[in-house]
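Taking it in order: structure first as C-alpha cells, then the write-up.
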Amino acid sequence: MSGPGRAAVAGSSQGDGGRSRLIGWEAGAEGPPTGRSVVQRIARGDDHLRELVRAGDPRLELAAQVKESHAAFRAMVVVRVGARLGSIIKWGQGPLPIVRNLERLAGADVFEGIDTGPILADISESTALERADGNWELAICHLGGPCRPRSLADLTALFNRHVWPSRTEPKTRAKNWRYWSCAVSWAIARKAVRFLLPMSTDTLKALTWDLITHAASASLIEAVWHAIQARHRQYHLNPPIDGRGELTAWKRSIASVTGRPLSLKLPIHRTIVVRLLAWRPTQVAWNRARLATALATIACLRISEVAHLQVCDLWFDHLTGYGIPGYEGTCAVHVNKRKNDRVRRGHHPALGRAADPELDIVHQLRVWMDVMDLAVHPRCRKRREPAARCPWCPPLFPRTRRGSGNVTISDGHACSPQRMSGDVKFAMSQMGANPDRFSGVSARKGGLSTAIEAGIHEAVLFLQTGHGQAKAARDYMHIRDPAVLLQVFEAFKL
5 MSGPGRAAVA
15 GSSQGDGGRS
25 RLIGWEAGAE
35 GPPTGRSVVQ
45 RIARGDDHLR
55 ELVRAGDPRL
65 ELAAQVKESH
75 AAFRAMVVVR
85 VGARLGSIIK
95 WGQGPLPIVR
105 NLERLAGADV
115 FEGIDTGPIL
125 ADISESTALE
135 RADGNWELAI
145 CHLGGPCRPR
155 SLADLTALFN
165 RHVWPSRTEP
175 KTRAKNWRYW
185 SCAVSWAIAR
195 KAVRFLLPMS
205 TDTLKALTWD
215 LITHAASASL
225 IEAVWHAIQA
235 RHRQYHLNPP
245 IDGRGELTAW
255 KRSIASVTGR
265 PLSLKLPIHR
275 TIVVRLLAWR
285 PTQVAWNRAR
295 LATALATIAC
305 LRISEVAHLQ
315 VCDLWFDHLT
325 GYGIPGYEGT
335 CAVHVNKRKN
345 DRVRRGHHPA
355 LGRAADPELD
365 IVHQLRVWMD
375 VMDLAVHPRC
385 RKRREPAARC
395 PWCPPLFPRT
405 RRGSGNVTIS
415 DGHACSPQRM
425 SGDVKFAMSQ
435 MGANPDRFSG
445 VSARKGGLST
455 AIEAGIHEAV
465 LFLQTGHGQA
475 KAARDYMHIR
485 DPAVLLQVFE
495 AFKL
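In our numbering, the protein residues as written are 5 to 498.
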C-alpha cells in the first residue's frame, strides 16, 4: 500500500468510511487506487517495465492495482473483526486474500446476530473412518465401539462427524473449504456477511465481478462458485445458481471473456517407456523415477494411485489363478480405491511378460524390491482384505535416506503425489524431453493413448483404467480369458 494507506490501517482515529475510501469502496467508486503508478516506477529506471508500457501493455497497471487492493482487502478484514482478532489472522493466497483460520473469528462483531455454524464449519479434514483407509473396524474400536452407552443425539452427532462428510472426497472438501473461505473473507471486507447464506444471485454477481477485476482466471472463479454451491447443498439451502443448465451458462459467460488456453500436458509415448525400461541408472532416486513412470504409464494409473501403492499391491502370478498355463511371470497391480470406484471394488491392471527380457517390468519391480529391502510382511492380509490398506507392508516407492555406510535406504514413508509427479518430470528430462510439458497426468494419458491407438476395445480398456463405471452392464462383466486383460500391456510391444 502507499504511505497514506499504511497510516490509515495503523491509525485508530479514522472510521470505516475513511478506510473504505482508501480502497475506493465509497459510493460511486470505480475501483481501488493504483498507489505508485507504473509510470512513476518507470521513472526510477526499470528498463523492462518501460519497454512493456511503451508497447501499450495494460496488464502491468492492473497487476499493480491488484497487489494494492489485496493489501487493502486484508486491512479491511482486520478493521471489521477488530485489532485483537485481526492480530491472529493467518492469510492464504488466492484470487482474493483468504483467511485460513476463519474458525478463530467466530466471536467477531461482524458476525453479531448471525449463526456462524453454517458459515465457519470446516469439514475438510479427513474423518477417522477415512483415515483408516479401509480398516474401518479398527477405527470403530478406537471411537469406542458398540458397547459405550450413548443417547440418540450422540449417535446422530457421531454419524454426522465421521460418515456424513464422506459423501464428498476429502480432497474436494478441502478445495471447497479453501474457496468458501475466500468468499467469507470477501464478505467480511465488504460488510456482506449477512448475505452469505443463503446467497442471492446478485451477491454472487458482485463477488464474481470483484474476482474478475482482481485478475482471477475462469477456473478459479468456477472453483469459488462450486464451493458456494456445495455449502448451500450441505445445509439444504437453494444455491444462488439454480435451475437446469444454469451453472453451464454461468461458466460459459465467464470463459467467453476471461478464458485462456490450458497448458497442455503431453502423453508419455510408448518409445519413452521402452527407453525408460532399458535405462539402468545407478542412483536410487533415479531408478525410482523411471520405474514409477513406466509402471504408471503401462498400467494407466493416476499418479496419486502410484504414490499409494504398497509392496503387497503387486500380485505376482495372479493370472495363474485362472488355471490356464503360460501366465507365470505376470503381475496384477491391485488398486483398492479409485476416483470412479469409491465403494472399493478394486481394479487390477495387468502386467505381462516382455518379449525382450531387458524390458521386463515385472522382473524389474522384483529387483527393485530386493535392492530396497521391500518385502511383504508375514502379517499382511491384503489378499483376504483387499479393500483395506495394509498396516504392515511398506510403500512400493518410498522416500529415501542415507543409512549406515552411506547406503541409500527406504525411510518407510510413501512419496507424496507431488513428489511422484516430480519423478515423472525428472524421468522425462532424462529422456531428452521438455519436463515442462509433462506431469503426473502424462503417464495415464500415455497409457490410454497407446491402448486406443492399438485398437483395444473400450470395455476392456475401461475395466483396466476404472473409467465408465456408470454403465451398469460393466458391473457384471468378468473376463474369462486372462489374455484379454493383458491387451493394454501388449499394446506397448515390450
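Backbone N, C-alpha and C define an ideal beta-carbon position, used for all residues, glycine too.
Backbone CA spacing between residue i and residue j [nearest angstrom]
i: L224; j: C419; result: 28 Å
i: L215; j: D246; result: 21 Å
i: G249; j: W396; result: 49 Å
i: A447; j: A495; result: 15 Å
i: G152; j: A463; result: In the sequence on display, residue 152 carries Arg and not Gly. Cα-Cα distance, rounded: 48 Å.
i: L201; j: L299; result: 47 Å
i: M80; j: R237; result: 29 Å
i: K94; j: A379; result: 43 Å
i: I92; j: L162; result: 31 Å
i: Q491; j: R177; result: 37 Å
i: R182; j: A359; result: 50 Å
i: A234; j: A253; result: 18 Å
i: D141; j: V167; result: The sequence given here places Glu at residue 141; Asp does not occur at that position. About 14 Å.
i: T120; j: G98; result: 23 Å
i: T301; j: G86; result: 53 Å
i: A289; j: L156; result: 53 Å
i: H367; j: F430; result: 23 Å
i: V114; j: W190; result: 13 Å
i: G28; j: L268; result: Note that G28 has pLDDT 44, beneath the 50 cutoff, so the model's placement of it is unreliable and the number below is only indicative. Each residue's Cα considered, the two are about 39 Å apart.
i: H230; j: G426; result: 29 Å
i: L100; j: P122; result: 21 Å
i: R388; j: K449; result: 32 Å
Close-in-space but distant-in-sequence residues of the same chain around residue i (CB under 8 Å, 5 per side omitted)
i: A67; result: A219
i: I118; result: V197 and R198
i: E362; result: L281 and A282
i: T342; result: Per the sequence shown, the amino acid found at residue 342 is Arg instead of Thr. Excluding sequence neighbours, R342 sits near R306, E309, H351 and G470.
i: S170; result: T131, L133 and E134
Counted within 10 angstroms of its Cβ, other Cβ atoms place residue i as buried (16 or more) or exposed
i: I307; result: buried
i: T205; result: exposed
i: Y331; result: buried
i: N180; result: buried
i: G470; result: buried
i: F493; result: buried
i: R292; result: buried
i: L241; result: exposed
i: K386; result: buried
i: I456; result: exposed
i: E129; result: exposed
i: S73; result: buried
i: S414; result: buried
i: D317; result: buried
i: D364; result: buried
i: L355; result: buried
i: P399; result: buried
i: V371; result: exposed
i: R78; result: buried
i: H461; result: exposed
Short Cβ contact (7 Å threshold) for residue i with residue j
i: G451; j: C304; result: yes
i: A296; j: F442; result: no
i: A222; j: T262; result: yes
i: H351; j: V339; result: yes
i: L109; j: L89; result: yes
i: G333; j: R357; result: yes
i: M373; j: V315; result: yes
i: H417; j: R403; result: yes
i: G96; j: I102; result: yes
i: P353; j: Q468; result: yes
i: R274; j: T454; result: yes
Nonlocal neighbours in the same chain, by C-beta distance under 7 Å from residue i, ignoring five residues either side
i: L106; result: L124, S185 and V188
i: K255; result: E226
i: P390; result: H338, N340 and G350
i: A33; result: Caution applies to A33, whose pLDDT of 40 falls short of 50 and renders its modelled position unreliable; the model cannot decide the point.
i: T412; result: V288, T404 and R406
Whole-number beta carbon distance between residue j and residue i, since they are thought to touch under 8 Å
i: M432; j: V310; result: With 8 Å as the limit, M432 and V310 do not qualify as a contact, their Cβ atoms being about 15 Å apart.
i: L270; j: P244; result: So it is not a contact: roughly 38 Å between Cβ atoms.
i: N139; j: R393; result: 7 Å
i: R104; j: A193; result: R104 to A193, Cβ: 15 Å. No contact.
i: L465; j: V278; result: The Cβ separation is near 21 Å, so there is no contact.
i: G436; j: P421; result: With 8 Å as the limit, G436 and P421 do not qualify as a contact, their Cβ atoms being about 25 Å apart.
Own chain, CB closer than 6 Å to residue i, minus 5 neighbours either side, in chain order
i: W319; result: A336 and H338
i: V82; result: G90
i: H381; result: W396 and C397
Beta carbon proximity, residue i to chain C, threshold 7 Å
i: L200; result: In the structure shown, chain C cannot be found, because there is only a single protein chain.
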